[in-house]
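Chemist:
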Amino acid sequence: MKKKKIGVSACLLGIDCKYNGKNNKNESVLEYVKDMECIEICPESYGGLPTPRVPSEIEEGKSGEDFIKDKENFHVYSKEAVDVTDEFIRGAKIALEKLKSNGVEEVIMKESSPSCGVNKIYAGKFDGNKKNGMGVTAALFKENGIKMLSEKDIESGNNF
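Using the working numbering, read the sequence shown as starting at 540 and increasing by one per residue.
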């Protein structure tokens with residue numbers, strides 16, 4: 540029998556690709572996907588950002604949904620005020636292509652990430668506060684009909 544394919548943020552699988560060089564290994568996610576074929580994604584790495592890297596956030600007052608609506612007036616900045624928008628967009632497009640080329644229609648994403656946040660992202664001030672909204676990659680996935688859950692959804696017992 541063919542295994543179901545599912546996309547998963549690489550950091551949730553224990554791959555050291557977070558901004559700080561670590562991972563967000565999540566046992567609930569690992570248990571959920573244990574009988575599936577995982578297609579791991581890390582949009583920030585795909586976009587050319589190094590690991591480790593300076594943390595980044597979507598500019599204050601915006602979210603990934605704004606990237607879809609108005610690409611010209613959308614920015615992602617590193618904590619050092621470097622514009623990394625192009626890297627985030629490039630990585631999102633590469634991640635989408637990876638899922639599509641593998642026939643993946645569902646993905647588990649890292650909540651709060653400026654790339655992968657499904658319901659929440661950091662608020663843009665680098666103060667630890669969060670706001671409702673999606674990351675860049677999550678917004679692109681939504682626009683392209685990819686179904687998403689976060690690791691928080693999986694931990695709460697929600698599934699596809």
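Where a beta carbon is used, it is the ideal one built from N, C-alpha and C, also for glycine.
Model, not experiment: these values are computed from the prediction.
1) Can you round the beta-carbon distance between Met687 and Val646 to whole angstroms, since I take them to be within the 8 Å contact cut?
2) Relative to the C-alpha of Gly546, which residue among Lys573, Pro591, Arg629, Ala620 is closest?
3) What would DSSP say about Asp692, mapped onto helix, strand or coil?
4) Which one of Tyr661, Ile580, Cys655 has the shortest CA to CA distance from Lys618?
5) Go through its chain and collect everything with a Cβ distance to Pro582's Cβ below 6 Å, but skip five positions before and after it.
6) Considering only residues of the same chain and omitting the five flanking positions on each side of Glu644, which have a CB-CB separation below 7 Å?
7) Could you tell me the distance, in whole angstroms, from the CA atom of Gly656 to the CA atom of Lys649?
8) Note down, one range per segment and in chain order, each beta strand (DSSP E) of at least 3 residues found wholly within the region 560 to 641.
9) May I ask you to report which of helix, strand or coil DSSP gives Glu682?
10) Am I right that Met575 and Lys541 are in contact with their C-beta atoms under 8 Å? What's the rounded C-beta distance?
11) Looking only at its own chain, which residues have a Cβ that is under 6 Å from the Cβ of Gly672, when we skip the five neighbours before and after it?
12) Does the separation of the CB atoms of Gly586 and Phe627 fall below 8 Å?
Modeler: Once the coordinates are examined:
1) Indeed they touch by this definition, with Cβ atoms about 5 Å apart.
2) When each option's Cα is compared against that of Gly546, the closest is Lys573.
3) Helix, per DSSP.
4) Of Tyr661, Ile580, Cys655, the smallest CA-CA separation from Lys618 is found for Tyr661.
5) So the qualifying residues of the chain are Gly630, Ala631, Ala634, Ser654, Thr676.
6) So the list reads Ile685, Lys686, once near-sequence residues are dropped.
7) The straight-line gap from Cα to Cα measures roughly 6 Å.
8) Segments of the beta strand (DSSP E) lying fully in the region 560 to 641: 576 to 580, 595 to 597, 615 to 617.
9) Helix at Glu682.
10) Between the beta-carbon of Met575 and that of Lys541 there is about 11 Å, and that puts the pair past the 8 Å contact cut.
11) Within the same chain, Gly672 has close Cβ partners Ser602, Ile660.
12) Yes, these two residues count as a Cβ contact at 8 Å.
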